[in-house]
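For the sequence shown, full-length UniProt numbering assigns the number 1 to the initial residue and increments by one for each residue that follows.
Quick reminder that beta carbons are idealized off the backbone N, C-alpha and C, glycines included.
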Amino acid sequence: NVARVLGAVFPWLIRIDVSFEPHEVNGQPGAIFRDRDGKVLYALALDVLEGKIQTIRGVINPDKLGHIGPVADAWAVDREVKRARRQPH
């Protein structure tokens with residue numbers, strides 16, 4: 001299930017130059033997503049039990065992301081993803 005969700009979302013993010021790097025988030029394995037300017041867009045943490053992902057936790061609140069670095073405009077990225085989805089591959 002996790003692979004399906006990520007497989008549906010990642011291609012659109014990559015298409016608009018969103019990058020991510022592995023990063024510990026709240027003591028858990030996760031990733032930090034950045035817009036094309038390197039600003040923090042999203043933090044993702046994984047709850048892992050016996051080697052399997054149980055829960056994906058996400059943080060998009062700019063007040064909670066600010067300690068990582070400059071924060072992206074998530075609404076602008078959302079609009080860009082929607083525009084990209086309307087265009088042919």
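* Asked: If Val71 sits next to Val48, beta carbons under 8 Å apart, how far is it from one beta carbon to the other, in whole angstroms?
  -> Locating residue 71 in the sequence shown gives position 71, where the first residue counts as 1. Locating residue 48 in the sequence shown gives position 48, where the first residue counts as 1. Between Val71 and Val48, the beta carbon gap of about 27 Å keeps them out of contact (Cβ cut-off 8 Å).
* **Under 7 Å between C-beta atoms of Pro29 and Leu46** => Your numbering for residue 29 matches position 29 in the sequence shown. Your numbering for residue 46 matches position 46 in the sequence shown. Result yes, Cβ atoms of Pro29 and Leu46 sit closer than 7 Å.
* Can you check DSSP and say which residues form a bridge with Ala43? => Here residue 43 is taken as the residue at index 43 of the sequence shown, counted from 1. DSSP output for Ala43 lists Ile32 and Val59 as bridge partner(s).
* Nearest residue (CA-CA) to Gly27, options Arg57, Pro62 and Val5 -> Position 27 of the sequence shown, counting from 1, holds the residue named residue 27. Out of Arg57, Pro62 and Val5, Arg57 has the C-alpha closest to the C-alpha of Gly27.
* By how many angstroms is the C-alpha of Gly66 removed from the C-alpha of Leu44? -> Residue 44 sits at position 44 when you count from the first residue of the sequence shown. Residue 66 sits at position 66 when you count from the first residue of the sequence shown. Straight through space, the alpha carbons of Gly66 and Leu44 are spaced by roughly 15 Å.
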